[in-house]
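Read through the structure below, which is laid out as structure tokens, and then see the notes.
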Amino acid sequence: MIEKNGDMLTVREDLKVFDCTIRDGGLVNNYHFTDEFVKAHYEMCVASGVDYMEIGKNVSPTVMDPKEYGKWNFCLEDDIRSVVGENNTNLKIATMADVGRTLKEEIPLASESVVDMIRVATYIHQIPEAIELIEDFHAKGYETTCNIMAISKSFDDELDRVLDQVCASNVDVIYIADSFGSFYPEQIKKLTAKYLTKANAAGKKIGIHAHNNLQLAYANTLEAMIYGTSYLDATVSGLGRGAGNCNLELLLGFLKNPKYKLTPVLKFIENYIVDLEKELDWGYSVPYMITGKLNEHPRPAMKARDEKDTKYVDFYNRMTEEYS
């Protein structure tokens, strides 16, 4: 039986707020954020007391075309430094490595970089390659996480075996990733218990990365936190792929640690997100609700949104016929 870790008024020193606005939001605009936008966002993270800022992905430019994707899909050291300088702040900088798209030989030593953490995103069938990346990054001096995606499609015994493998590695944090936005709080509670049991035994922490297909990203993040999750992912205004993520402004408004400040986030929304919402389309919509409800990848919903398809009954019928 899992027990709550404190209550709504508890200030937990193990909690880390992880802003992934640029990385997850980059999936909406192919990482074509201006330097001004990323710089202002960095300054917002510093001022708000956020613990980590994920500035993008470190995909190899030999794998994806730099003419099609912006610089924050590749996160070259000079580009990062042009925004954060030497980052002489309490904020830690992170990037994300995709198995099959990130080449470990292109990643410098941590002592030569302003990046503090590299998160490895992986599907279950890619775990051996993910662990290879984790070990390489750990040896180079980085903090690491393993974000196991699409776990809502896995079987319990399969997930148990994968968690055992990851816990045997040098990874620091293991993430519950609700890739399809299909989990409910009760399921998150059970997953938190599963992950914590294995992580605690191996001296690891766990994190939560939620999507908002069912309007539960914030609720699921709080559920995971209440039962012991330490790393909490969020994005400004929920900016992220498809239905988006847990809103940073909601999370900071809830947490009781006085080091977290809401006003810098509200100012950033006022100055940058209000206009961005006129250009980009993200957040909850009926097609994303349907894919979340059916525990399917949001790809069909993304297509429906791009085509401005509002025939929701037809969409639902197609989805239930195709995936039944």
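Take 2 as the starting number for the sequence shown in our numbering and just add one per residue. C-beta: ideal position from N, C-alpha, C; glycine also.
Taking the alpha-carbon of Asn201 as reference, which of Thr230, Ile152 and His210 has the nearest alpha-carbon? Thr230
Give the secondary structure of Phe75 by DSSP, where H, G and I count as helix, E and B as strand, and everything else as coil. coil
Since Cys147 contacts Ile175 with CB under 8 Å, what's their CB separation in whole angstroms? 5 Å
Smallest Cα separation from Leu10: which of Gly182, Leu104, Met226 and Glu159? Ranking the options by Cα distance to Leu10, first place goes to Met226.
Going by Cα to Cα distance, which pick from Ser180, Asp161 and Ala218 is closest to Leu198? In the sequence as displayed, the identity of residue 198 is Thr instead of Leu. It is Asp161 whose Cα lies nearest to the Cα of Thr198.
What's the call for Thr292, buried or exposed, on a 16-neighbour Cβ count within 10 Å? Thr292 counts as buried, since at least 16 other C-beta atoms from the protein chains shown sit within 10 angstroms of its C-beta.
Rounded to the nearest angstrom, what separates Tyr143 and Asp8 at their Cα positions? 32 Å
Please classify Glu107 as buried or exposed, where buried requires at least 16 other C-beta atoms within 10 Å of its C-beta. exposed
Contact between the region 154 to 173 and the region 15 to 26 (3+ Cβ pairs under 8 Å): These segments do not touch.
Going by DSSP, what residues sit across from Thr146 in a beta bridge? Arg120 and Val174
Tell me whether the region 55 to 62 and the region 266 to 277 touch, counting them as touching only if at least three CB pairs, one residue from each stretch, are closer than 8 Å. no
Is it buried or exposed for Arg306, if we count other Cβ within 10 angstroms and need 16 for buried? buried
Please name the residue or residues paired with Leu233 in a DSSP beta bridge. Val18 and Ile209
In three-state terms, what does DSSP make of Lys190? In the displayed model, Lys190 falls within a helix according to three-state DSSP.
Verify the contact flag: Thr90, CB atom, against every heavy atom of the ligand GTP, threshold strictly below 7 Å. Only the bare structure without any ligand can be found here, which leaves the ligand GTP out of the picture.
CB of Cys1 within 8 Å of CB of Lys58, strictly: In the structure as shown, the chain begins at 2 and stops at 325. Residue 1 is therefore absent and cannot be evaluated.
Based on the DSSP output, what are the partners of Ile94 in its beta bridges? Beta-bridge pairing links Ile94 to Met54.
For the alpha helix (DSSP H) containing Gln166, name the first residue and the last one. Asp157 to Cys168
Roughly how many whole angstroms lie between the Cα atoms of Leu295 and Ser112? 45 Å
Stretch pair the region 254 to 262 + the region 36 to 44: three plus CB contacts closer than 8 Å: no
What does the Cβ neighbour count give for Asn89, buried or exposed, with the cut at 16 atoms within 10 Å? Asn89 comes out exposed.
Which same chain residues end up closer than 6 Å to Leu104 when comparing Cβ atoms and leaving out the 5 residues on each side of it in sequence? Ser61
Counting only C-beta atoms, is Ser238 closer than 8 Å to chain B at any point? Looking at the structure shown, chain B is missing, and only one protein chain is on hand.
Quick one: what does DSSP say Asp276 is sitting in, helix, strand or coil? helix
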